[in-house]
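A.B. asks: Numbering (our numbering), first residue to last: 5 to 84. Note that the Cβ used here is the ideal one computed from N, Cα and C, for glycine as well. Input: one structure, supplied below.
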Amino acid sequence: DLLNALYQACLADPLVTLETNRTVISVDERPKSIMVDCADGTRYDCNMVVAADGLWSSLRKFVHDDGAPLSVGYVTYRGT
């Protein structure tokens, strides 16, 4: 499936670091990098941040603050 293919591609690329179980508290976009601060004190100086933490993403507001999700009448079904 697509999710597994993307995951495997990330694992195979030495330039990609996957981080899980982190709570982002701030994102500072700089001229040549992005500084990400996490609740546990971890700091990341990186080239790219992907907000892939779901519909109610806590990271999304730092990347694209367009408000809370709202229903527009469409339904999506997902399966494995």
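Ordered along the chain, which non-local residues of its own chain (more than five positions away) have a Cβ less than 7 Å from that of Ser75?
C.D. replies: One-based indexing of the sequence shown puts residue 75 at position 71. Here the set comprises nothing.
A.B. asks: Straight-line CA distance for Leu15 to Leu7?
C.D. replies: In the sequence shown, the residue the question calls residue 15 occupies position 11. In the sequence shown, the residue the question calls residue 7 occupies position 3. Each residue's alpha carbon lies about 12 Å from the other.
A.B. asks: Express the C-alpha separation of Ala43 and Arg26 in angstroms, rounding to a whole number.
C.D. replies: Sequence index remark: in the sequence shown, residue 26 carries index 22 (1-based). Sequence index remark: in the sequence shown, residue 43 carries index 39 (1-based). Those two C-alpha atoms are separated by around 7 Å.
A.B. asks: Which residues in the same chain have their Cβ closer than 8 Å to the Cβ of Asn51, if we skip the five residues on either side of it in sequence?
C.D. replies: Numbered from 1 along the sequence shown, position 47 holds the residue referred to as residue 51. Contacts found: Ser37, Ile38.
A.B. asks: Look at the Cβ atom of Ala55, then the Cβ atom of Leu63, and state whether they are nearer than 8 Å.
C.D. replies: Position 51 of the sequence shown, counted from the first residue, corresponds to residue 55. Position 59 of the sequence shown, counted from the first residue, corresponds to residue 63. Against a cut-off of 8 Å, the Cβ pair of Leu63 and Ala55 comes out as a contact.
A.B. asks: Give me the Cα-Cα distance between Ser69 and Val28, rounded to the nearest whole angstrom.
C.D. replies: The residue you call residue 69 lines up with position 65 of the sequence shown. The residue you call residue 28 lines up with position 24 of the sequence shown. The identity of residue 69 in the sequence shown is Asp, whereas the question assumes Ser. Cα-Cα distance, rounded: 15 Å.
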